[in-house]
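1 is the number of the first residue of the sequence shown in the working numbering; add one for each residue after it. Before any comments, here is the structure.
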Amino acid sequence: MSGRPVFLFNSDAARGAVFREAFARHLPEVAFADDMETADPDAVRYLMTWTVPGRLDRFRRLEVVFSIGAGVDQFDTTALPPGVAVVRMVEDGIARMMQEYVALAVLALHRDWPAYAEQQGREVWRARPPRQAGERRVGFLGLGVLAQAAMERLAPFGFPLAGWSRSPRALAGVDCFHGADQLPAFLARTDILVCLLPLTNETRGFLDAALFGRLPQGAALVHVGRGPQLDAHALLSSLDAGHLSAAVLDVTDPEPLPPGHPLWRHPKVVITPHVASVTQPGTAVRAVIDNIRRHRSGQPMIGLVDRARGY
Ligand code: NAP
Ligand code: GLV
């Protein structure tokens, strides 16, 4: 069938096979291609990729770039023509994995797991004073798709939940804070801080000494946003001074963390290699097909990025 618009998939072959099959079955009016070199440049309207590939200007009729992940900070948007829409990944698989990871990390911190792991290394059998979930205040930096999904999983445990965003939000069962003025009050009521902010010029280096200083004594951090949001030296100082009690880091700067970096062996730090949440092709392809249908019928796409704002 000639004349069909092309969806060009620039990622690994295993995911590509899932996308190819779903496009053939559910969106035959759009042709699937997965070879950047042989795809007809004049037919490519949609591109799915992790980073902006070179020689993009040959796709003169490109309309939408889909990010393979939820974040879009890896895109150099200055390399994209101004009229091209950028869409981040909003799909059930990513949300479900983030729910698991954040629930795991918050429960581990709530139940002093890192401290018990450290005690085990010294063969120490000593109970720490327990605290009830209703007395452990969990706060989210960012109140977007993933933070809301994670809070939904945590709510049944009874943690008092709060979140901080740029614009005002109203969410049932969540104390919502917004803007710079309300940040100190949000931090002061937060025992476990979960960072789910996108990386932008405003959030780079955001997790710094001043922010840690506003958290209550003994607070802990779960960082699942992006590595460059964290000042690692400020975190280490706060942990060593006993102000923060522990940190679970899924993201670092750089990734991977270099050999010998002090975070690797810190007894109060748990590190995972950016695995909190990974796009699941079976659910992601449904989200992309739905968005292409929306785009073709003039409806707003889900996850459309405000390119000026950066998320
Ligand atoms: P989202 O729906 O776009 O939500 C972003 C939230 O952050 C919004 O509530 C937004 O406020 C808030 N925000 C942005 N800039 C802010 C600022 N300067 N001050 C205060 N609040 C600000 O994003 P999402 O889908 O939840 O994803 C969040 C991030 O998670 C991604 O960008 C990515 O970096 C990270 N991530 C990590 C992994 C992993 O495996 N570790 C996996 C997926 C995603 P408004 O509500 O006012 O807009
Ligand atoms: C992973 O970090 C993503 O942005 O999906």
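The beta-carbon is built from N, C-alpha and C at its ideal position, and this holds for glycine as well. Bear in mind the structure is a predicted one, so any value in this text is a computation, not a measurement.
Quick check: Ala31 and Arg4, are their CB atoms within less than 7 Å of each other?
yes
By a C-beta neighbour count over all protein chains shown, 10 Å radius and 16 as the cutoff for buried, is Ala39 buried or exposed?
buried
Per the contact definition of three or more C-beta pairs closer than 8 Å, is the region 84 to 101 in contact with the region 146 to 165?
yes
Taking 6 Å as the cut-off, is the CB of Gly144 close to at least one heavy atom of the ligand GLV?
no
Is it a yes or a no for the region 234 to 246 touching the region 214 to 221, going by three-plus beta-carbon pairs under 8 Å?
A contact exists between the region 234 to 246 and the region 214 to 221.
Who are the near neighbours of Tyr311 in its chain, counting only those whose CB is closer than 7 Å to its CB and skipping five residues on each side?
Val72, Pro198, Thr200, Val305
Work out the CA separation of Arg20 and Met1 for me, nearest whole Å.
Confidence is the limiting factor: at Met1 the pLDDT is only 45, short of 50, which leaves the residue's position unreliable, though a coordinate-based value still follows. Using only the alpha carbons, I get a separation of about 16 Å.
The alpha helix (DSSP H) that contains Tyr46, what's its start and end?
Not the alpha helix (DSSP H): Tyr46 falls in the beta strand (DSSP E), residues 44 to 49.
Would DSSP call Gly134 helix, strand or coil?
helix
Using only the heavy atoms of the ligand NAP, determine whether one of them is closer than 6 Å to the beta carbon of Gly139.
No, the Cβ of Gly139 stays beyond 6 Å of every heavy atom of the ligand NAP.
Return helix, strand or coil for Trp164, following the three-state DSSP convention.
Strand.
Does the distance between the C-beta of Gly71 and the nearest non-hydrogen atom of the ligand GLV fall short of 6 Å?
yes
Using the beta-carbon count (16 or more within 10 Å), is Gln229 buried or exposed?
buried
When every heavy atom of the ligand NAP is checked, does at least one fall within less than 6 Å of the C-beta of Leu107?
Checking every heavy atom of the ligand NAP against the Cβ of Leu107, none is found closer than 6 Å.
State yes or no: is the C-beta of Asp208 nearer than 6 Å to some heavy atom of the ligand NAP?
Not one heavy atom of the ligand NAP is found less than 6 Å from the C-beta of Asp208.
Any idea if Pro300 is buried or exposed, counting beta-carbon neighbours within 10 angstroms, 16 or more meaning buried?
By the neighbour-count definition (other C-beta atoms within 10 Å, threshold 16), Pro300 is an exposed residue.
Quick check: is any heavy atom of the ligand NAP less than 6 Å from the C-beta of Ser297?
Exclusion of Ser297 from the 6 Å shell around the ligand NAP follows from its C-beta lying no nearer than that to any non-hydrogen atom of the ligand.
Using the beta-carbon count (16 or more within 10 Å), is Ala232 buried or exposed?
When all chains shown are included, Ala232 counts as buried.
Met1 by DSSP, collapsed to three states: which one?
Confidence at Met1 is low in this model, with a pLDDT of 45, below 50, so the placement of that residue should be treated as unreliable; the coordinate-derived value is given next. It is coil, neither helix nor strand.
Let's see if you can read the secondary structure: which residues bound the alpha helix (DSSP H) around Ala149?
145 to 154
If you reduce the DSSP assignment to three classes, tell me which class His243 lands in.
In the three-state DSSP reduction, His243 falls in the coil class, being neither helix nor strand.
From which residue to which residue does the alpha helix (DSSP H) around Val285 run?
281 to 296
When DSSP labels each residue in this structure, what does Ile94 get in the three-state scheme?
helix
Check whether the region 155 to 162 and the region 132 to 139 are in contact - that is, three or more C-beta pairs closer than 8 Å.
yes
With a threshold of 8 Å on Cβ separation, who are the neighbours of Asp57 within its own chain once the five nearest residues in sequence on each side are excluded?
Pro81
Can you tell me whether DSSP reads Val18 as helix, strand or coil?
DSSP places Val18 in the helix class (H, G or I) of the three-state scheme.
Which residues does DSSP list as the beta-bridge partners of Leu304?
Val87
By alpha-carbon positions, which one of Ser277, Val270, Arg296, Pro281 ends up nearest to Glu118?
For the residues Ser277, Val270, Arg296, Pro281, the minimum Cα distance to Glu118 belongs to Val270.
Any heavy atom of the ligand NAP closer than 6 Å to the Cβ of Glu202?
yes
For the ligand NAP, is there a heavy atom less than 6 Å away from the beta-carbon of Tyr311?
yes
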